[in-house]
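Asker: Respectively, the protein sequence lines represent chains A and B.
Sequential numbering from 1 applies to the first sequence in this note's numbering.
Sequential numbering from 1001 applies to the second sequence in this note's numbering.
Backbone N, C-alpha and C fix where the C-beta goes; we use that ideal spot for every residue, glycine too.
Number of protein chains: 2
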Amino acid sequence: MTTIRDLETPALLVDLDRLEANLARTADYCAEHGLRLRPHAKTHKTPDIGRMQLDRGAAGLTVAKVGEAEVMAASGAPDMLVAYPVLGESKWRRLLEVAQRTALTVALDNAPAARGLSRHAAAGGVAIGILVEADVGMGRCGLAPGGGLVDLAREIAGMPGLRLDGLMFYPGHVNLAAPGGEAAFEKIGRDLERIYDDFRRAGLPLNTVSGGSTPTLFHSHRLPGLTEIRPGTYVFNDCMQVAMGACEWAQCAASVMTTVVSTPREGAAIVDGGSKTFSSDPARPAGSGLYGRVTDDPAAGFYKMSEEHGFLDVREAETKIRIGDRLRIIPNHICTAVNMHENIYGVRGEAVEKVWKVEGRGKLQ
Amino acid sequence: MTTIRDLETPALLVDLDRLEANLARTADYCAEHGLRLRPHAKTHKTPDIGRMQLDRGAAGLTVAKVGEAEVMAASGAPDMLVAYPVLGESKWRRLLEVAQRTALTVALDNAPAARGLSRHAAAGGVAIGILVEADVGMGRCGLAPGGGLVDLAREIAGMPGLRLDGLMFYPGHVNLAAPGGEAAFEKIGRDLERIYDDFRRAGLPLNTVSGGSTPTLFHSHRLPGLTEIRPGTYVFNDCMQVAMGACEWAQCAASVMTTVVSTPREGAAIVDGGSKTFSSDPARPAGSGLYGRVTDDPAAGFYKMSEEHGFLDVREAETKIRIGDRLRIIPNHICTAVNMHENIYGVRGEAVEKVWKVEGRGKLQ
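1) Hey, does Ala-276(A) have any beta-carbon neighbour from chain B nearer than 7 Å?
2) For chain B, is any of its Cβ atoms less than 7 Å away from the one on Pro-10(A)?
3) From Ala-1269(B) to Ser-75(A), what does the alpha carbon distance come to, in whole angstroms?
4) By a C-beta neighbour count over all protein chains shown, 10 Å radius and 16 as the cutoff for buried, is Lys-1363(B) buried or exposed?
5) The beta strand (DSSP E) spanning Val-1071(B) covers which residue range?
6) Assuming Leu-983(B) contacts Val-1106(B) under a Cβ cut-off of 8 Å, what Cβ separation, rounded to an integer in Å, is found between them?
7) Thr-1026(B) lies in the beta strand (DSSP E); which residues open and close that run?
8) With respect to the beta strand (DSSP E) encompassing Lys-1354(B), which residues constitute its N-terminal and C-terminal limits?
9) Which runs of the alpha helix (DSSP H) fall wholly inside the region 1052-1112 of chain B and span at least 4 residues, in chain order?
10) Is there contact here, the region 108-117 of chain A with the region 142-152 of chain A, by at least three beta-carbon pairs under 8 Å?
11) For a contact meaning CB atoms closer than 7 Å, what does Ile-1270(B) contact in chain A?
12) In whole angstroms, give me the CA-to-CA distance for Ala-1099(B) and Ile-1128(B).
13) Is there a Cβ from chain B that is less than 7 Å from the Cβ of His-309(A)?
14) Just to check my reading of the structure: Thr-295(A) and Arg-326(A) have Cβ atoms closer than 8 Å, yes? What is that Cβ distance to the nearest angstrom?
15) Kindly indicate if chain A contains any beta-carbon less than 7 Å away from that of Val-1261(B).
16) Report, in whole angstroms, the separation of the C-beta atoms of Pro-1171(B) and Ile-1195(B), which I expect to be a contact under 8 Å.
17) Is it buried or exposed for Met-1240(B), if we count other Cβ within 10 angstroms and need 16 for buried?
18) Give a yes or no on whether the C-beta atoms belonging to Phe-302(A) and Gly-310(A) are separated by under 7 Å.
19) Using a Cβ cut-off of 8 Å, which residues of the region 1314-1348 of chain B contact any Cβ in chain A, in chain order?
20) Nearest-angstrom Cα distance between Met-244(A) and Asn-1339(B)?
21) Provide the residue(s) that pair with Arg-1163(B) in DSSP beta bridges, ordered along the chain.
22) Between Glu-1248(B) and Val-1242(B), which are expected to be in contact by the criterion C-beta below 8 Å, what is the C-beta distance as a whole number of angstroms?
23) Looking only at C-alpha atoms, which of Asp-1079(B), Lys-1045(B), Val-1066(B) sits nearest to Ala-1059(B)?
24) Have a look at Ala-1027(B) and Cys-1252(B) and give me their C-alpha separation to the nearest angstrom.
25) Please look up how many angstroms separate the CB atoms of Gly-161(A) and Ala-113(A), rounded, as I've assumed it's under 8 Å.
26) Tell me the residue span of the beta strand (DSSP E) that contains Thr-1259(B).
27) Determine the closest residue to Met-305(A) out of Phe-199(A), Arg-315(A), Ser-280(A), with distance taken between C-alpha atoms.
28) Return the residues of the region 1040-1069 of chain B that lie within a Cβ-Cβ distance of less than 8 Å from chain A, sorted by chain order.
29) How should Lys-42(A) be labelled, buried or exposed, when 16 other C-beta atoms within 10 angstroms of its C-beta is the threshold for buried?
30) Buried or exposed: where does Val-132(A) fall if 16 or more other Cβ atoms within 10 Å of its Cβ makes it buried?
31) Within 6 Å: the Cβ of Ser-1255(B) and any heavy atom of the ligand MN?
32) Is it buried or exposed, Val-352(A), if we count other Cβ atoms within 10 angstroms and call 16 or more buried?
33) Please classify Ser-220(A): is it buried, with 16 or more other beta-carbons within 10 angstroms of its beta-carbon, or exposed?
34) Taking all protein chains shown into account, decide if Glu-1308(B) is buried (16 or more other Cβ within 10 angstroms of its Cβ) or exposed.
35) Determine, for Asn-110(A), whether the minimum Cβ-Cβ distance to residues of chain B falls below 7 Å.
36) I want to verify the contact list: residues of chain B whose CB lies under 7 Å from the CB of Pro-205(A), in sequence order.
Structure representation (structure tokens):
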């Protein structure tokens, strides 16, 4: 039996008990509130973990890139949402190929992206579902509630090869643990009601209203009219989710096992992982100021990183940290950290039960 | 002929004229000052680019990880420096295999790392060169000048299978464009003189004194006693190097070609690259506050990113930015950006002359 002692570091470990508990908790929540679960696979980029989500209550998967859709098709997902305004002939062609294998929906916010898809879908004899993306405060993609959003939906409703299904939004700006978070969340409800009114008046369908993110996951039922949610990070969780009150430390399933490679000065230890292992995402929105949590000794502060070095301040550490020690560290942002690794090791205690290749890593196009 | 118009985005482009000029300029500088050039391959992680460096004046290559050493061996490097205190039985075994194919040197700052290597090298019948790492102000790995450093060097000099070659340091803390930068650089000179005195008194060799980084590259001759330098970033350059005065914009060889996928609001454009395309390294030490420079319209500010979205503020843009436009963006930090990509496209004008796989990407162990 392989154990974590046999692994070289840095190695990305996923505690399978915690992963399964996170999947069950979310599936139970969705079942209780009648919400469809279409989790975002960007967090794990691994078909087998997508399969686990599908086996535990997910109705389909969400992805951000055409390349991710191609990779995640191996999960056997009966339904895939590409939550991105895909542009370009060759990408539309590749999406058509995905649509010929599995039900496909694309979320977008502009007519050029819709027209290209329409042309390919019509020529290929498939129907691609479309969600128009609304901006309810994130300020990223999506049109603000109002006439422009309705006009786009109406235009799409008339395009061959496309089937307008409804609406998507992403509440990524909401941090319910911060001042103003609750107000921002409540505003989403009002924005949605306004859009629903507009759509109904225009005779446009609202068969799907797709919301959801991990920080607001268990508040989704408080938003009117949602039919599905698309959380991603909930499978593993991370320091950011703890900082936003979305989970407890004991619900963080993923950590990077590192080795102390140097103790060059009193109070200092260097581990063999930096920004190319954890990503350099800071602890935001309101976090520790650190680059991760050392689970084996949380009093050791991961205060700085370069590409292959993690700098620990161990002056307050509970244990005597020595060269060769292995320390597990929960990343600030697990989605960008997973993206650095070739493999995910699924562990129970010290036993390595699974070795998953991160197949979707680097599928940027 | 493939042109950049045929590429899907985001795509990492390298201007071959600029790359070649950067290689020539650095090789000329090293030749002029009698410095050996052993560039750090972490920036490109691509054997063919390592080969180009070797063909243009480099005497060997530097890497940070055992996996990178294995990959970069394909460059045909006659000499490889692993600038990292490698720890662990299986890694020492792998390093021995590298040493059986090519001359190998390892830089380290502690006895456990040296002892493990010594045991494997002696058993395998090879001699591995060792540089002891000194800390001259970076506060990362390396021992401060003084007795501890000399004691470590003396201990290593007596270990079987190892050949003490001298000293390594990394001046990564020096920003000559910032207040205090010149003083920090001059202090390195004094630290080195002190170490040289200590080594000479102890009868320890200084055949190699390995310094150098891209920001201080063309100042290396001002430090006493250097025999070689290990710049990495100089092949491509990036926004950080411009901010530190190490290069001009016209010497930045690498950019990410993105597509504008949405213009959801007045003054806003979204491109199809975020932290999984550029990395989330901020503009440091003293930069623009942005995530990159839009070369096609530098007045467009790349002010925010999520994983697959780049947020541009185009209110001051010179051109009318439309959905479908392609914009090239120089990353803040090219080393972590390259690490996100499967391929590097070598271009001259619009022609794609080379497609290089980033073979060392993800070789974290």
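Answerer: Taking the definition as stated:
1) To locate residue 276(A), count along the first sequence from 1; it is residue 276. Reading the sequence as shown, one finds Lys at residue 276(A) and not Ala. Chain B, which has a Cβ nearer than 7 Å to the Cβ of Lys-276(A), makes this yes.
2) To locate residue 10(A), count along the first sequence from 1; it is residue 10. Chain B, which has a Cβ nearer than 7 Å to the Cβ of Pro-10(A), makes this yes.
3) Numbered from its first residue, the second sequence carries residue 1269(B) at position 269. Numbered from its first residue, the first sequence carries residue 75(A) at position 75. Rounded to the nearest angstrom, the two C-alpha atoms are 33 Å apart.
4) Here residue 1363(B) refers to the residue found at position 363 when the second sequence is read from its first residue. Its Cβ being crowded by 16 or more others within 10 Å, Lys-1363(B) is buried.
5) Taking the first residue of the second sequence as 1, we reach residue 1071(B) at position 71. Run containing Val-1071(B): none in the beta strand (DSSP E); it sits in the alpha helix (DSSP H), 1066-1072.
6) Residue 983(B) falls outside the range modelled here, since chain B spans only 1001 to 1365, and no answer is possible.
7) On the second sequence, position 26 is the one that residue 1026(B) refers to. Per DSSP, Thr-1026(B) belongs to no beta strand (DSSP E); it is in the alpha helix (DSSP H), 1016-1032.
8) Along the second sequence, one-based indexing puts residue 1354(B) at 354. That run of the beta strand (DSSP E) goes 1351-1357.
9) Fully enclosed alpha helix (DSSP H) runs of 4 or longer: 1066-1072, 1089-1099.
10) yes
11) Stepping through the second sequence from its first residue, residue 1270(B) is reached at position 270. What Ile-1270(B) touches in chain A: Arg-140, Cys-141.
12) Here residue 1099(B) corresponds to residue number 99 of the second sequence, with the count starting at 1. Here residue 1128(B) corresponds to residue number 128 of the second sequence, with the count starting at 1. Spanning the two alpha carbons is a distance of roughly 7 Å.
13) For the purposes of this step, residue 309(A) is taken as residue 309 along the first sequence, with counting starting at 1. With 7 Å as the cut-off, His-309(A) counts as an interface residue toward chain B.
14) As a working note, residue 295(A) is residue 295 in the first sequence. As a working note, residue 326(A) is residue 326 in the first sequence. Cβ atoms of Thr-295(A) and Arg-326(A) stay farther apart than 8 Å, at about 11 Å.
15) Along the second sequence, one-based indexing puts residue 1261(B) at 261. By this cut-off, Val-1261(B) is an interface position.
16) On the second sequence, position 171 is the one that residue 1171(B) refers to. On the second sequence, position 195 is the one that residue 1195(B) refers to. Their Cβ separation, rounded to whole angstroms, is 14 Å, which puts Pro-1171(B) and Ile-1195(B) out of contact at 8 Å.
17) In the second sequence, the residue the question calls residue 1240(B) occupies position 240. Result: buried.
18) Numbered from 1 along the first sequence, position 302 holds the residue referred to as residue 302(A). Numbered from 1 along the first sequence, position 310 holds the residue referred to as residue 310(A). Going by C-beta atoms, Phe-302(A) is nearer than 7 Å to Gly-310(A).
19) For the region 1314-1348 of chain B, the set of positions with a beta-carbon nearer than 8 Å to some beta-carbon of chain A reads Ile-1323, Gly-1324, Cys-1335, Thr-1336, Asn-1339, Met-1340, His-1341, Glu-1342 in chain order.
20) In the first sequence, counting from the first residue as 1, residue 244(A) sits at position 244. In the second sequence, counting from the first residue as 1, residue 1339(B) sits at position 339. Taking the straight line joining both Cα atoms gives about 29 Å.
21) Against the second sequence, residue 1163(B) aligns to sequence position 163. BP columns for Arg-1163(B) point to Gly-1129(B).
22) Within the second sequence, numbered from 1, the residue matching residue 1248(B) stands at position 248. Within the second sequence, numbered from 1, the residue matching residue 1242(B) stands at position 242. Sure, about 7 Å apart at Cβ, within 8 Å.
23) Reading the second sequence from its first residue, position 59 is the one you call residue 1059(B). Closest option to Ala-1059(B), Cα to Cα, is Asp-1079(B).
24) By 1-based counting over the second sequence, the position of residue 1027(B) is 27. By 1-based counting over the second sequence, the position of residue 1252(B) is 252. Rounded to the nearest angstrom, the two C-alpha atoms are 17 Å apart.
25) Taking the first residue of the first sequence as 1, we reach residue 161(A) at position 161. Taking the first residue of the first sequence as 1, we reach residue 113(A) at position 113. Actually they do not touch by this definition, with Cβ atoms about 13 Å apart.
26) Looking up residue 1259(B) in the second sequence gives position 259. From DSSP, the beta strand (DSSP E) with Thr-1259(B) extends over 1254-1262.
27) Counting from 1 along the first sequence, the entry for residue 305(A) is found at position 305. Nearest option by C-alpha distance: Ser-280(A).
28) Using a CB distance below 8 Å, the part of the region 1040-1069 of chain B facing chain A consists of Lys-1042, Ala-1064, Lys-1065, ordered along the chain.
29) Numbered from 1 along the first sequence, position 42 holds the residue referred to as residue 42(A). Lys-42(A) comes out buried.
30) Here residue 132(A) refers to the residue found at position 132 of the first sequence. Counting Cβ neighbours within 10 Å, Val-132(A) comes out buried, since at least 16 surround it.
31) As for the ligand MN, it is missing from this structure, which has no ligand bound.
32) In the first sequence, residue 352(A) corresponds to position 352, counting from 1. The residue is buried, with at least 16 neighbouring Cβ atoms inside 10 Å.
33) As a first step, residue 220(A) must be located in the first sequence, where it is residue number 220. So Ser-220(A) ends up on the buried side.
34) In the second sequence, counting from the first residue as 1, residue 1308(B) sits at position 308. By the 10 Å Cβ count, Glu-1308(B) comes out buried.
35) To locate residue 110(A), count along the first sequence from 1; it is residue 110. Asn-110(A) counts as touching chain B.
36) Working through the first sequence from its first residue, we reach residue 205(A) at position 205. Neighbours of Pro-205(A) on chain B: none; closest Cβ ~22 Å, over 7 Å.
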